[in-house]
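Each residue of the sequence shown is one higher than the last, beginning at 47 in the UniProt record's numbering.
C-beta atoms are modelled at their ideal positions from N, C-alpha and C, and glycine is treated no differently.
Being a predicted model, the structure only gives us computed values, none of them experimental.
Worksheet: one structure, shown below.
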Amino acid sequence: SSSSNYKNILVSSPEKGVTLITLNRPKALNALNSELFTELNHAAKTADEDAGVNAIVLTGSEKAFAAGADIKEMLSKDFSTAYKSNFLGHWTELTQVRKPIIAAVSGHALGGGCELAMMCDVILASSTANFGQPEINLGVIPGAGGSQRLTKALGKSLSMELVLTGRGLSAAEAEKHGLISRVVPEGGDVVAEAVKVAVQIGKKGQIAVQAAKEAVNASFELPLAEGLRVERRLFQALFATKDQKEGMGAFAEKRKPAFTNE
Ligand code: CAA
47 SSSSNYKNIL VSSPEKGVTL ITLNRPKALN ALNSELFTEL NHAAKTADED AGVNAIVLTG
107 SEKAFAAGAD IKEMLSKDFS TAYKSNFLGH WTELTQVRKP IIAAVSGHAL GGGCELAMMC
167 DVILASSTAN FGQPEINLGV IPGAGGSQRL TKALGKSLSM ELVLTGRGLS AAEAEKHGLI
227 SRVVPEGGDV VAEAVKVAVQ IGKKGQIAVQ AAKEAVNASF ELPLAEGLRV ERRLFQALFA
287 TKDQKEGMGA FAEKRKPAFT NE
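Here it is in structure tokens:
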């Protein structure tokens, strides 16, 4: 499907090199049904494969980044269909994207919405953001990484409290505890800020950018010694790039580097 065929998301390019994906099911507070997620995966993959794109910004509406997986879609599911269709399994495709994804979160980021934000590489939030894993109130638990990624970000005690009580986490708390990189002050525009971050990233050598994402992500998956080995090997490999010669050469010559992504 081309971008014009999407029913649940909008795709645009606010700046050169930046793809902006906007979740667009306003009446359902961007509840994440499987059609929406299939479209999101497709749009992200398309951007990932487009040499003209350096980074992706993902956002929702003022009221909701996303209020979770679509409860109405899940209500009548039974175990055998959930298991056989590997329900929510396809959400992880988003984490295979190699280019940086910056989440711009306003309003509710609950359940799958919080999990979606945590699948992104950087989270910026406006002061209205409300994070949480309220699945416990529905008789279930987080199913798209909430119990794992939240715990890595917040530690055990606070994650347990959130997952067991279902209470929300304000933008200020999320910032204080390291779930997000920062809150955009009131009056600021979180999407514009996220696009600025994407533009900044776009000025770097993109091989190094993708290697950096790979290295940081390794820290979430590997024991320290293995992670350090991955990092060092990627670091060494970058000496085979023109961008390394350009970046270090430009420094030595006291000029700005002109990276060519080679
Ligand atoms: N799924 C389906 N529809 C949803 C939804 C969801 N997760 N969240 C909101 N909606 C719908 C509402 O049903 C409502 O639709 P109707 O107008 O047709 O009734 C519409 O969006 C507006 O919602 P509200 O009227 O409830 O808006 P509000 O401002 O009063 O409340 C809210 C906002 C507190 C976010 C509330 O909507 C809410 O609690 N939503 C559910 C949050 C939730 O439990 N998320 C976790 C889902 S489970 C999950 O995500 C599993 C996983 O790990 C992947």
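Check, Outcome
"Relative to the alpha-carbon of GLN252, which residue among GLU95, PRO72, SER80 and ALA77 has its alpha-carbon at the smallest distance?", "GLU95"
"Return the first residue and the last residue of the alpha helix (DSSP H) that GLU260 is part of.", "252-267"
"Smallest Cα separation from ALA254: which of ASP235, SER265, PHE281 and GLU272?", "PHE281"
"Go ahead and pull the three-state DSSP assignment for ALA77.", "coil"
"How about SER173 and GLU232: are their beta carbons less than 7 Å apart?", "yes"
"What is the DSSP secondary structure of GLU61, counted as helix, strand or coil?", "strand"
"Would you say ARG113 touches ligand 1, meaning its beta carbon is less than 6 Å from a heavy atom?", "First, the amino acid is wrong: residue 113 is Ala here, not Arg. Yes, since a heavy atom of ligand 1 falls inside the 6 Å radius drawn around the Cβ of ALA113."
"Closer than 6 Å by C-beta to GLY295: which residues in its own chain qualify, once you throw out the five before and the five after it? Chain order, please.", "none"
"Smallest Cα separation from ASN87: which of HIS136, LYS222 and LYS62?", "HIS136"
"In three-state terms, what does DSSP make of GLY158?", "helix"
"Using a threshold of 6 Å, is the CB atom of HIS136 nearer than that to any non-hydrogen atom of ligand 1?", "no"
"At a threshold of 6 Å, does PRO72 count as lining ligand 1 (C-beta to nearest heavy atom)?", "no"
"In whole angstroms, what is the alpha-carbon distance linking LYS198 and GLY158?", "17 Å"
"Cα separation between GLY114 and GLY234?", "25 Å"
"Could you tell me the distance, in whole angstroms, from the CA atom of GLU299 to the CA atom of ASN263?", "33 Å"
"Any heavy atom of ligand 2 closer than 6 Å to the Cβ of LEU104?", "The model depicted lacks ligand 2 and carries ligand 1 instead."
"ILE247: which of ASN307, LEU69 and GLU181 sits nearest, CA to CA?", "ASN307"
"If you draw a straight line from the alpha carbon of VAL276 to that of LEU82, how long is it in whole angstroms?", "34 Å"
"How big is the Cα-Cα spacing for ALA261 and ARG279?", "10 Å"
"Pick out whichever of GLY273, VAL230, LYS118 and LEU134 has its Cα sitting closest to the Cα of SER191.", "The sequence shown places Gly at residue 191, rather than the Ser named in the question. Here the closest residue by C-alpha is LEU134."
"Could you give the C-beta distance for ALA258 and ALA217, rounded to a whole number, given that I count them as a contact under 8 Å?", "Going by Cβ atoms, the distance from ALA258 to ALA217 rounds to 26 Å, so no, they are not a contact pair."
"Where does ASP124 land, buried or exposed, given buried means 16+ other C-beta within 10 angstroms?", "exposed"
"So, for GLY273: in the same chain, excluding its five sequence neighbours on each side, which residues have a beta-carbon less than 6 Å away from its beta-carbon?", "ALA264 and SER265"
"Do you know whose CA, among ILE169, THR105 and VAL241, lies nearest ASN70's CA?", "THR105"
"Report the rounded CA-to-CA distance for GLY201 versus ARG301, giving the unit in angstroms.", "43 Å"
"From the DSSP output, which residues share a beta bridge with THR68?", "LEU56 and THR105"
"Would the beta-carbon of ASP116 fall within 7 Å of that of ILE147?", "no"
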